[in-house]
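Engineer: Mind looking over this structure? Questions follow.
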Amino acid sequence: MTLRAENYGHLIGKLSSNNAWAQEIDKFLKENPGKAWVRLAWRQYLSWFAKTEILLSNKDTYENVREWLKLAEKNWIMLEDEDIFMEERRNDGNWLRHWRQALSKFNKTVLSY
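As structure tokens, this is what we get:
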């Protein structure tokens, strides 16, 4: 994780990786190899969740979600291209296409009225 963040500036999306807790995790991992860092991971997650909740509560919710799904799909392709594999063989992000289709249909049938 640390090497990927150093190489790319983020793990997989800046909203998740560019916050104070992600930096604390990086520092902790370097200074304490092999030690548990779940406490910091929860703080990082809650920080991400708070930011995400704010972005989902404004007038641009549809566009935000649409862009996140497009970026997530792009990131899965990037991971595959760089030979970074998930533990579960079928965990390849292909479900994102279905989510994008559902969001598009929701926009056309509900939000357009």
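Each residue of the sequence shown is one higher than the one before, starting from 0 at the first, in numbering that gives the first Met the number 0. All C-beta atoms, glycine included, are put in the ideal place defined by N, C-alpha and C.
1. Rounded to whole angstroms, what's the CA-CA distance from methionine 77 to aspartate 91? Just pull it up for me.
2. Per DSSP, what kind of secondary structure is tryptophan 41 in: helix, strand or coil?
3. With alanine 71 and leucine 95 assumed to form a contact (beta carbons below 8 Å), what rounded beta-carbon distance in angstroms separates them?
Structural biologist: Here's the rundown:
1. In the sequence shown, counting from the first residue as 1, residue 77 sits at position 78. In the sequence shown, counting from the first residue as 1, residue 91 sits at position 92. Note on geometry: alpha-carbon atoms of methionine 77 and aspartate 91 lie some 11 Å from one another.
2. If you number the sequence shown from 1, residue 41 lands on position 42. Taken through DSSP and simplified to helix, strand or coil, tryptophan 41 comes out as helix.
3. Your numbering for residue 71 matches position 72 in the sequence shown. Your numbering for residue 95 matches position 96 in the sequence shown. Contact holds; Cβ gap of about 5 Å.
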